[in-house]
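Asker: Taking the numbering used here, the leading residue of the sequence shown gets 13, the next gets one more, and so forth.
Note that beta-carbon positions come from the ideal geometry of N, C-alpha and C, so glycine has one too.
Since we're looking at a predicted model, the values are computed, not measured.
Questions regarding the structure given below will be posed in turn.
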Amino acid sequence: MSTIKSISILGATGSVGASTVDLVRRNPDRFAIKALTANSNVNALAALAREFSAEVAVIADETLYSDLKEALAGTAVTALCGTEGLIAAAEVSCDLVMAAIVGAAGLRPTLAAVRQGKTIALANKECLVCAGELFMQEAEKSGARILPVDSEHNAIYQVFDFERATTVEKIILTASGGPFWQKRTDCLKNVTPAEAVAHPNWDMGQKISVDSATMMNKGLEVIEAFHLFPVQKDQIEVVIHPQSVIHSMVQYNDGSVLAQLGSPDMRTPIAYALAWPDRIDAPVPSLSLPELAQLTFAEPDLEKFECLKLAMDALHEGGSAPLALNAANEVAVEAFLKEKIGFMDISSVVKATLDKIDMKAPHSLSNVFEQDQEARLIAQNLLTQLAA
Ligand code: NAD
Ligand code: MG
């Protein structure tokens, strides 16, 4: 049997995708790439498919399909497009699927991989926010193994005693606080997209960077943690830790608190997921605690970072609240990045959308998408009102 792990990378041209590719490139004797997907960057996708002799390359934007075919002319790579193509990439025969598409757009393909019982390295947290119950039920049914890539959840996964889950008192998610945690609330109104995406510790895609600045990211992660780990909603805590060195912690009933530490570089949790249950070298700076000298902590300010509160409330409310929260946030963040609304409008749009929805917990995947669309429409209408 071959010892080379074959991988399908959904969202290969993004930030997590690029870090995954970097690790594969450094370990050609361990990993091979079977399938790659991108939203619209045909050239980057085709270059990767050629470099790694992938079997399949998928462009999500169907209007770019002929460009992709042209870019792959003369190769043995099969070019595909659209949602069907993304699903085909997720279902390709392989040892591991890296789910690194951003947003609810990643749900269908990731779920397709889950239904086949595959091993999934899960970066796409929005999957669990929109359809956590369904997603985890499908994983249970098929036997799919979900390896969390999000650094906090990866940290918890490394120190959580799944055999003795009842001995866990709480899980503590650390949050950098983003670029604005020390700014006064009245100074936040006029921050620009460029300021919001300039994260002090992590180099990430635009959407998650804005989510970090509003702290919605931490809220989404609280919901993600609830689905990934056998804990109750009130056993999940958030603490600000601006150095992003302790990636998260698990507190046990005897008072022990176990943490995973490391330099803030996504290649550590990605390497963990790719190599699991083994470990591989990752090209990350080793941690020097004396150089850091200080690790600090603070309580999150839920008034200033209303998005975090809205997400925690949505988790407690359940039903369709997390799904609507995510949909409205995606709409609002996109509008903020296009400079159509201000930074503080993001939480207003999410809150107003949640106030308007009246939907029961989604009962099927198609119902998830119906409700997702409904919440997006509400949020879009609110944007129009804001612009008026
Ligand atoms: P990114 O924006 O850099 O990349 C997203 C990828 O998804 C790209 O390959 C893009 O082409 C693809 N994509 C975007 N929209 C799509 C669509 N509609 N259909 C199909 N493909 C689409 O994002 P990222 O920062 O790499 O984040 C990816 C996911 O990982 C997100 O869910 C994010 O929350 C999570 N995550 C990221 C980091 C990080 O350090 N970047 C850390 C933890 C978790
Ligand atoms: Mg994270």
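With hydrogens ignored, establish whether the beta-carbon of E249 is closer than 7 Å to any heavy atom of ligand 2.
Answerer: Sequence index remark: in the sequence shown, residue 249 carries index 237 (1-based). No, the Cβ of E249 stays beyond 7 Å of every heavy atom of ligand 2.
Asker: Could you tell me the alpha carbon to alpha carbon distance between F348 and A340, rounded to whole angstroms?
Answerer: On the sequence shown, position 336 is the one that residue 348 refers to. On the sequence shown, position 328 is the one that residue 340 refers to. For F348 and A340, the distance between alpha carbons rounds to 12 Å.
Asker: Report all residues from its chain with a CB closer than 8 Å to the CB of E103; omit the five preceding and five following residues, and keep chain order.
Answerer: Position 91 of the sequence shown holds residue 103. Excluding sequence neighbours, E103 sits near A124, A125 and Q128.
Asker: How many whole angstroms separate the CB atoms of L185 and E233, which I take to be in contact at a CB cut-off of 8 Å?
Answerer: Position 173 of the sequence shown, counted from the start, is the residue given in the question as residue 185. Position 221 of the sequence shown, counted from the start, is the residue given in the question as residue 233. Right, their Cβ atoms sit about 6 Å apart.
Asker: What residues come near ligand 2, if near means a beta carbon less than 6 Å from any of its heavy atoms?
Answerer: Cβ-based neighbours of ligand 2 within the cut-off: D162, S163, E164 and E233.
Asker: Would you decide whether A400 is buried or exposed? Buried here means 16 or more other CB atoms lie within 10 Å of its CB.
Answerer: For the purposes of this step, residue 400 is taken as the residue at position 388 of the sequence shown. Classified as exposed, A400 has fewer than 16 neighbouring CB atoms from the shown chains inside 10 Å of its CB.
Asker: Going straight from the alpha carbon of M371 to that of L301, what length do you get?
Answerer: Translated into the one-based positions of the sequence shown, residue 371 becomes position 359. Translated into the one-based positions of the sequence shown, residue 301 becomes position 289. Taking the straight line from one Cα to the other gives about 49 Å.
Asker: Could you tell me whether the segment 284 to 293 touches the segment 191 to 205, using the rule of 3 or more Cβ pairs below 8 Å?
Answerer: no
Asker: What residues are listed by DSSP as bridge partners for E164?
Answerer: As a position in the sequence shown, residue 164 is number 152, starting the count at 1. Here E164 is not bridged, per DSSP, to any residue.
Asker: What residue ranges within the segment 340 to 396 form continuous alpha helix (DSSP H) runs of no fewer than 4 residues, ordered along the chain?
Answerer: 357 to 368
Asker: Between the C-alpha atoms of K153 and L92, what's the straight-line distance to the nearest angstrom?
Answerer: Indexing the sequence shown from 1 puts residue 153 at position 141. Indexing the sequence shown from 1 puts residue 92 at position 80. Put simply, the backbone Cα of K153 is about 29 Å away from that of L92.
Asker: Which residues does DSSP pair with D185 in a beta bridge?
Answerer: Here residue 185 corresponds to residue number 173 of the sequence shown, with the count starting at 1. Position check: residue 185 holds Leu in this sequence, whereas Asp was assumed. Bridge partners of L185: V250 and S260.
Asker: Name the two residues that bound the continuous alpha helix (DSSP H) containing S78.
Answerer: Within the sequence shown, numbered from 1, the residue matching residue 78 stands at position 66. Note, S78: alpha helix (DSSP H), Y77 to A83.
Asker: For E342, collect the residues of the same chain with a Cβ closer than 6 Å to its Cβ; drop the 5 residues on either side in sequence, then sort them by chain order.
Answerer: As a first step, residue 342 is located in the sequence shown; it is residue number 330 there, counting from the start. G115, listed in sequence order.
Asker: Run through the segment 253 to 324 for me and flag every whole beta strand (DSSP E) of 3 or more residues, listed as ranges in chain order.
Answerer: 258 to 264 and 269 to 273
Asker: So if DSSP puts S90 in a beta bridge, which residue, or which two residues, is it bridged to?
Answerer: Sequence index remark: in the sequence shown, residue 90 carries index 78 (1-based). The amino acid occupying residue 90 in the given sequence is Thr; Ser does not appear at that position. Per DSSP, V68.
Asker: Below 7 Å CB to CB, which residues in the same chain sit around P160 once its five sequence neighbours on both sides are set aside?
Answerer: Mapped onto the sequence shown, residue 160 falls at position 148. Same-chain partners within the cutoff: L134, N166, Y169 and L240.
Asker: From I71, S376, F174 and S260, pick the residue whose C-alpha is nearest to that of L48; which is it?
Answerer: Within the sequence shown, numbered from 1, the residue matching residue 48 stands at position 36. Nearest C-alpha to L48: I71.
Asker: Just confirm the distance between the C-beta atoms of A69 and L84, as a whole number of angstroms; I'd bet it's less than 8 Å.
Answerer: Numbered from 1 along the sequence shown, position 57 holds the residue referred to as residue 69. Numbered from 1 along the sequence shown, position 72 holds the residue referred to as residue 84. That belief holds up - the Cβ atoms of A69 and L84 are roughly 6 Å apart, short of 8 Å.
Asker: Any heavy atom of ligand 1 closer than 7 Å to the beta-carbon of G115?
Answerer: Position 103 of the sequence shown, counted from the start, is the residue given in the question as residue 115. Yes - ligand 1 has a heavy atom lying nearer than 7 Å to the Cβ of G115.
Asker: Compute every distance between the C-beta of T49 and the non-hydrogen atoms of ligand 1, then say whether any falls below 7 Å.
Answerer: Position 37 of the sequence shown, counted from the start, is the residue given in the question as residue 49. Within the cutoff, so yes.
Asker: Helix, strand or coil: which one does DSSP assign to V111?
Answerer: For the purposes of this step, residue 111 is taken as residue 99 along the sequence shown, with counting starting at 1. A quick correction: the sequence has Ala, not Val, at residue 111. Strand.
Asker: Using 10 angstroms around the beta-carbon of I21, count the other beta-carbons present and answer buried if the total reaches 16, otherwise exposed.
Answerer: Working through the sequence shown from its first residue, we reach residue 21 at position 9. Buried, by the Cβ-count rule.
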